[in-house]
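Numbering (UniProt numbering), first residue to last: 1 to 258. Idealized CB from N, CA, C, for every residue including glycine. What you are looking at is a predicted structure, and each value in this text was computed from that prediction instead of being measured. One structure is given below, encoded as structure tokens.
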């Protein structure tokens, strides 16, 4: 009974309901042989079906996430700093920790665990700024403010402040590399973002070793891959993330940033 109820509730979700209604409308138009009028609905149905009912978004995402492998401990040895890109935390005035963990929080968890384990003596955090009452609150500053509750942490903490984008983070880190003479830094970011981030940091002159995390593709997660399924909002979100990186890469290449 619980399984049946769960399936019914799933079918009533907005995305699934829209897909069912569009399917019914399209079938009715085809039944009445309204070929010309059904062209646009067919296109809409195909796009929606491919993006939300198939494993194509996961397959595309896996292509990005597979470009960089996690290095060995021997390869990471002697690193001067850990660079964690933003996107995993949002400053919060309500959360007890002062920060709200977002979809990319694996970035922060990975970087913190490495810093606490002594992989490198310095942790550098990037991230965006969030406007509040006319002022910008830094994502990195919110994290480090919370870390002050743990005084026994031995690693140095550096905030990049408010960063406009990945290139801005790369340029600020490049300045630190020049001033401190760093020879090897570990770059932590989502696996799908790593190809663009790694190329951008290399172009800026930063000697980076990629540390990918936050794998989103179902091909890189526990469980079987469902090639066909009912409309799922997670597939739409996955495609959006892949498309964001695809557009971002083309834009960075056009601007000469990577």
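{"Item": "Endpoints, the alpha helix (DSSP H) within which residue 252 is located", "Value": "233 to 255"}
{"Item": "The segment 115 to 131 contacting the segment 157 to 169, beta-carbon criterion three pairs below 8 Å", "Value": "yes"}
{"Item": "Own chain residues within Cβ distance below 6 Å of residue 26, not counting five before or after", "Value": "41 and 45"}
{"Item": "Residue 129 - DSSP class collapsed to helix/strand/coil", "Value": "strand"}
{"Item": "Helix, strand or coil at residue 65 according to DSSP, with G and I counted as helix", "Value": "helix"}
{"Item": "Residue environment, residue 211, which counts as buried when at least 16 other CB atoms sit within 10 Å", "Value": "buried"}
{"Item": "Three-state secondary structure assigned by DSSP to residue 190", "Value": "strand"}
{"Item": "Where residue 91 falls: helix, strand or coil (DSSP)", "Value": "strand"}
{"Item": "Sheet register partners of residue 123 (DSSP bridge)", "Value": "82 and 157"}
{"Item": "Cβ shell of residue 118 (< 6 Å), same chain only, five flanking positions each side left out", "Value": "none"}
{"Item": "Contacts around residue 245, its chain only, beta-carbon distance under 7 Å, and the 5 residues preceding and following it disregarded", "Value": "64, 192, 193 and 196"}
{"Item": "Cβ shell of residue 228 (< 7 Å), same chain only, five flanking positions each side left out", "Value": "53 and 54"}
{"Item": "Residue 185 in three-state terms, based on DSSP", "Value": "strand"}
{"Item": "Touch test, the segment 142 to 150 against the segment 174 to 183, Cβ-Cβ under 8 Å, three pairs minimum", "Value": "no"}
{"Item": "CB of residue 200 within 7 Å of CB of residue 257, strictly", "Value": "yes"}
{"Item": "Whole-angstrom distance between residue 84 and residue 182, CA atom to CA atom", "Value": "16 Å"}
{"Item": "Secondary structure of residue 213, DSSP reduced to three states", "Value": "strand"}
{"Item": "Boundaries (first-last residue) of the beta strand (DSSP E) holding residue 137", "Value": "135 to 138"}
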